[in-house]
Amino acid sequence: MEKIVMAGVGYVGLVTGTSLAQTGKTVVCADISESKITQLKEGVSPIYEPGLEAMIQQNIDRGTLGFTIDMTRAYREADVIFICVGTPEQADGSASLTYIYEVAEDIANYAKKDTLIVMKSTVPVGTNQQVKAFINERRDAENALEIVSAPEFLSQGTAVNDTLHGARIVLGVETKQAEMRMRAVYSGFKQPVVVTDLVSAEMIKYASNDFLALKISFINDIANLCEKLGANIDGVTQGMGLDPRIGKQFLNAGVGYGGSCFPKDTKALYRLAEDVGYDLRTVKATIDVNQDQIYKLLHQAKQDFGSLVGRRVSVLGLTFKPGTDDLRESPAIWNIFELIKAGADVTVYDPVGMENARSIFQDRVAYADSALAAISDAEICFIFTEWPEIVSVAPSDFSEKMRSVHIYDGRNCFDVAEMAALEEVHYVSIGRPKVQRYQEELVGLSK
Numbered sequence: 001m002e003k004i005v006m007a008g009v010g011y012v013g014l015v016t017g018t019s020l021a022q023t024g025k026t027v028v029c030a031d032i033s034e035s036k037i038t039q040l041k042e043g044v045s046p047i048y049e050p051g052l053e054a055m056i057q058q059n060i061d062r063g064t065l066g067f068t069i070d071m072t073r074a075y076r077e078a079d080v081i082f083i084c085v086g087t088p089e090q091a092d093g094s095a096s097l098t099y100i101y102e103v104a105e106d107i108a109n110y111a112k113k114d115t116l117i118v119m120k121s122t123v124p125v126g127t128n129q130q131v132k133a134f135i136n137e138r139r140d141a142e143n144a145l146e147i148v149s150a151p152e153f154l155s156q157g158t159a160v161n162d163t164l165h166g167a168r169i170v171l172g173v174e175t176k177q178a179e180m181r182m183r184a185v186y187s188g189f190k191q192p193v194v195v196t197d198l199v200s201a202e203m204i205k206y207a208s209n210d211f212l213a214l215k216i217s218f219i220n221d222i223a224n225l226c227e228k229l230g231a232n233i234d235g236v237t238q239g240m241g242l243d244p245r246i247g248k249q250f251l252n253a254g255v256g257y258g259g260s261c262f263p264k265d266t267k268a269l270y271r272l273a274e275d276v277g278y279d280l281r282t283v284k285a286t287i288d289v290n291q292d293q294i295y296k297l298l299h300q301a302k303q304d305f306g307s308l309v310g311r312r313v314s315v316l317g318l319t320f321k322p323g324t325d326d327l328r329e330s331p332a333i334w335n336i337f338e339l340i341k342a343g344a345d346v347t348v349y350d351p352v353g354m355e356n357a358r359s360i361f362q363d364r365v366a367y368a369d370s371a372l373a374a375i376s377d378a379e380i381c382f383i384f385t386e387w388p389e390i391v392s393v394a395p396s397d398f399s400e401k402m403r404s405v406h407i408y409d410g411r412n413c414f415d416v417a418e419m420a421a422l423e424e425v426h427y428v429s430i431g432r433p434k435v436q437r438y439q440e441e442l443v444g445l446s447k
């Protein structure tokens, strides 16, 4: 059995490596972070992902999963090396390949003959060929290595299931031998396998993510139009989603997408198109709509109140979506920065993301241990993530706990009719009728 090494134990490397170990493969996850590796050796996951930690411990116990900071030894002993390091967004929107080439340099120096290199990181189209050339320029001709593109299609919160039972496995290969070796690596998985060339595999990843981001921006644009025309986005999306050509997924109107993939990948593909002289207008529109949507409710609150200086503001939900502790590009985080800048007195709550939030905001906001505690005595409540702990708050709780009930619901968590039944409430959501049960004007409302 071939020994598999995951270069990088971030989100992709850890989930992929653990899932391969679950199917009986021998996997070593290697990373330069000593703290991460120490934690993982004890069976503790450095990321929040349902089901992952138990699977890590299970495979440590049965000897199929190991962790090391000795990158040199890991590369020397590997038969297959998965490159799983980050490709963060640069200032111009393109993807940084710094970490990719750091790993490639080490592979060139230490990997044995016939080691198969697998690019799991999301990289710009054409990168696999460039990395292969970079590695083999540094090796003797008889020790040249092959590279395979195997893009990941994980969603945070469902990543384990997405890996073990996802819709497809994509393999970009140059030889039949590489294809057969990869089929053996994935032999424990039952998904359909799409075999194509390196460039097409890279494009599949970007096109998939950008299409989903486009779908989100499209429905948010439609939701905004619904507000102008008096339509209700809930009924619109229900009617659309029942059409199998459209589907129900990614039709939830809100304050836009975030996370480590959609913002980065849309900008990277748009920049790549620019580089080859093509105007990728749909992706540009996706980016522009999302950027505006993120601050939609904040702008509405500023319009309603005139000034947010000294206002007691509660923020429910910090992660970019439920099921993860990831705050990267989260609409909540961008809005909190703006609320602080506007002089608001901000209290935040998230069932999973509080530790990460503390590292960002320190003492610039207050931290509540529950949704009810967060809204207590608040004048304004923003909802940015539809966690069960937040959705389960009863409308009457807002009336009982808040000083004045002004709710800006960025994920349409609550029923408009139930909110309208409250005696005094100002409830604004996305693409649905506003509810106002206050007699006085909001602007200048006494504290």
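First residue of the sequence shown: 1, per UniProt numbering; consecutive thereafter.
Positions of the beta carbon are idealized from the N, C-alpha and C atoms, including for glycine.
Nearest-angstrom beta carbon gap, Ala7 and residue 487 [assumed within contact, 8 Å]: For residue 487 there is no data in the structure shown, the boundaries of the chain being 1 and 447.
Sub-8 Å separation of Gly258 and Glu179 beta-carbons: Along the sequence shown, one-based indexing puts residue 258 at 258. Along the sequence shown, one-based indexing puts residue 179 at 179. Their beta carbons are not under 8 Å apart, which means Gly258 does not touch Glu179 by this criterion.
Three CB pairs or more closer than 8 Å across the segment 349-362 and the segment 307-318: yes
Runs of alpha helix (DSSP H) wholly within the segment 9-89 (minimum 4 residues, chain order): 11-22, 34-41, 52-61, 71-77
Whole-angstrom C-beta distance between Met119 and Ile69, which should lie under 8 Å: If you number the sequence shown from 1, residue 69 lands on position 69. If you number the sequence shown from 1, residue 119 lands on position 119. About 22 Å; that fails the 8 Å criterion.
Reference Glu152; option with closest CA among Leu145, Ile390, Asn143, Asp162: Residue numbering aside, residue 152 sits at position 152 when the sequence shown is read from its first letter. When only C-alpha atoms are compared, the closest one is Asp162.
contact_flag[the segment 375-394, the segment 211-221] where n(CB pairs < 8 Å) is 3 or more: no
Runs of alpha helix (DSSP H) lying entirely within the segment 211-280, each at least 4 residues, in chain order: 233-241, 262-275
Nearest-angstrom Cα separation, counted from Thr38 out to Val185: As a working mapping, residue 185 is identified with position 185 in the sequence shown. As a working mapping, residue 38 is identified with position 38 in the sequence shown. Approximately 27 Å between the Cα atoms of the pair.
Distance CB(Val28)-CB(Leu20) smaller than 8 Å: Translated into positions along the sequence shown, residue 28 becomes position 28. Translated into positions along the sequence shown, residue 20 becomes position 20. For Val28 and Leu20, no; Cβs fall outside 8 Å.
Bridge partners - Glu146, DSSP secondary structure assignment: For the purposes of this step, residue 146 is identified with residue 146 of the sequence shown, where counting begins at 1. Answer is Leu116.
Burial state of Asp415 (16 or more Cβ within 10 Å): Taking the sequence shown and counting its residues from 1, the one referred to as residue 415 is at position 415. Exposed, by the Cβ-count rule.
Pair within 8 Å by beta-carbon distance, Asp345 and Ile383: Counting from one through the sequence shown, the residue named residue 345 turns up at place 345. Counting from one through the sequence shown, the residue named residue 383 turns up at place 383. No, they are not a contact pair.
Backbone secondary structure at Ser155 - three-state DSSP: As a first step, residue 155 is located in the sequence shown; it is residue number 155 there, counting from the start. Three-state DSSP puts Ser155 in coil, outside helix and strand.
Own chain partners of Leu269 with C-beta closer than 7 Å, once the 5 adjacent residues on each side are dropped: Locating residue 269 in the sequence shown gives position 269, counting from the first residue. If we look at Leu269 and ignore the five residues flanking it on each side, its Cβ neighbours are Tyr206, Asp210, Leu280, Val283.
C-alpha distance - Gly230 paired with Gly241, whole-angstrom precision: One-based indexing of the sequence shown puts residue 230 at position 230. One-based indexing of the sequence shown puts residue 241 at position 241. Distance between the alpha carbons of Gly230 and Gly241: 20 Å.
Close beta carbons around Gln191, own chain, < 6 Å, minus the five adjacent residues each side: Taking the first residue of the sequence shown as 1, we reach residue 191 at position 191. So the qualifying residues of the chain are Gly166, Arg168, Ile169.
Length of the line joining the Cα atoms of Thr347 and Gln300: On the sequence shown, position 347 is the one that residue 347 refers to. On the sequence shown, position 300 is the one that residue 300 refers to. The straight-line gap from Cα to Cα measures roughly 19 Å.
Residues near Gly323 in its chain [Cβ-Cβ closer than 6 Å; skip 5 each side]: Counting from 1 along the sequence shown, the entry for residue 323 is found at position 323. Here the set comprises Gly157.
C-alpha gap between Ser121 and Glu102, whole angstroms: Indexing the sequence shown from 1 puts residue 121 at position 121. Indexing the sequence shown from 1 puts residue 102 at position 102. Each residue's Cα considered, the two are about 13 Å apart.
Sequence-distant residues of the same chain with beta carbon closer than 6 Å to Ala74, five excluded per side: Numbered from 1 along the sequence shown, position 74 holds the residue referred to as residue 74. Counting only Cβ-Cβ distances below 6 Å, and skipping sequence neighbours, we find Val5, Val28, Ala30, Thr68.
Closest by C-alpha distance to Ile360, when choosing among Ala104, Phe337, Lys434: The residue you call residue 360 lines up with position 360 of the sequence shown. It is Phe337 whose Cα lies nearest to the Cα of Ile360.
Residues near Val195 by beta carbon distance below 7 Å, same chain, minus five either side: Here residue 195 is taken as the residue at index 195 of the sequence shown, counted from 1. Leu171, Val173, Glu179.
Nearest candidate by alpha-carbon position, reference Leu297, set Pro244, Val365, Asn220: In the sequence shown, counting from the first residue as 1, residue 297 sits at position 297. For Leu297, the nearest C-alpha among the options comes from Asn220.
Sequence-distant residues of the same chain with beta carbon closer than 6 Å to residue 451, five excluded per side: No answer is possible for residue 451: it lies beyond the span of the chain, which begins at 1 and ends at 447.
Span of the alpha helix (DSSP H), counted from its first residue to its last, around Lys176: Counted from its first residue, the sequence shown places residue 176 at position 176. Start and end: 176-185.
Helix, strand or coil at Leu372 according to DSSP, with G and I counted as helix: The residue labelled residue 372 in the question sits at position 372 within the sequence shown. It is helical.
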